[in-house]
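Structure first, commentary second.
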Amino acid sequence: MIRLCILCGKEAVTGNFCKDCFLQKNKLFEINDLRIILCDNEDNYYLQQWKDFSNVRDMLEDFINLNMKKFGKVERIHLSYKPFKDGYDVKIKAVGLLNKLRKIEEKDIHVSIKKKMCDNCVKISGRYHEAKMQIRGDNLDRIVERVKKMIPKTSWVEQSRHGYDVFFISKSDASDLAKFLRKKFEVKKSFKVVGAKKGKMLMRDVYSIK
Ligand SMILES: [Zn+2]
Ligand SMILES: [Zn+2]
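For the sequence shown, position 36 (counting from the first letter as 1) is numbered 30 according to the numbering used here, and the numbering increases by one without interruption.
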């Protein structure tokens, strides 16, 4: 016995519907307009936590993957986007399977971008640092060239009267680099008391490199 589509009368393939009517009635995915927070300095964006920003496409994909509600098996997603108003107009094209039937579905959304300083930039702008390297001596330029290539992007370098000072937001970033520099240069570590918190002394690591 052949079942017929209750909408158009063609042969039904899934439940009471033919392929076309079924695919027209059922969505492959759903997604609403999005709001993204991007750091003023465009180094990080916020999605549950601050994440490295490298380009707009990767950031949009990250958000869309997380916010897309899927009703079938979405196999591929293609994005095209253009700047509009406070963000981007994004066309999402998804290819996938719904009840084993192939469907290509498109949806346009608007993604607004809100700018805000990320945690790292707030720390840097307040010159917050847990460790400092003082580069001195005759090898100064050679050392600083090498250091500049290896420091994380949260670190910064300042020229001083005696050489260069490199600032690190975290102690571990500085100690990793010091370990490496020790193979070639003279590295001395000391501590500087910078204050007290709840009766405990706050120490800053200071490396002197020659
Ligand atoms: Zn039909
Ligand atoms: Zn930032």
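Note that CB positions come from ideal geometry on N, CA and C, so glycine has one too.
Owing to the predicted nature of the structure, the values given are computational and were not obtained by experimental measurement.
With a minimum length of 3 residues, the unbroken runs of beta strand (DSSP E) contained wholly in the region 35 to 78 fall at 38 to 41, 43 to 46 and 67 to 78. Setting aside the 5 residues that flank it on each side, residue 146 is surrounded in the same chain by 167, each with a C-beta closer than 7 angstroms to its C-beta; the list follows chain order.
Secondary structure of residue 87 (DSSP, three-state): strand. Taking C-alpha positions only, residue 98 is separated from residue 6 by approximately 20 angstroms. Inclusion of residue 34 in the 8 angstroms shell around ligand 2 follows from its C-beta lying nearer than that to a non-hydrogen atom of the ligand. Taking the Cα positions, residue 4 is about 19 angstroms away from residue 94. Judged by DSSP in its simplified three-state form, residue 164 adopts coil rather than helix or strand. Between residue 111 and residue 119, the C-beta spacing is below 9 angstroms. Annotated three-state conformation of residue 171 is helix, per DSSP. Under the three-state reduction of DSSP, residue 143 is assigned to helix.
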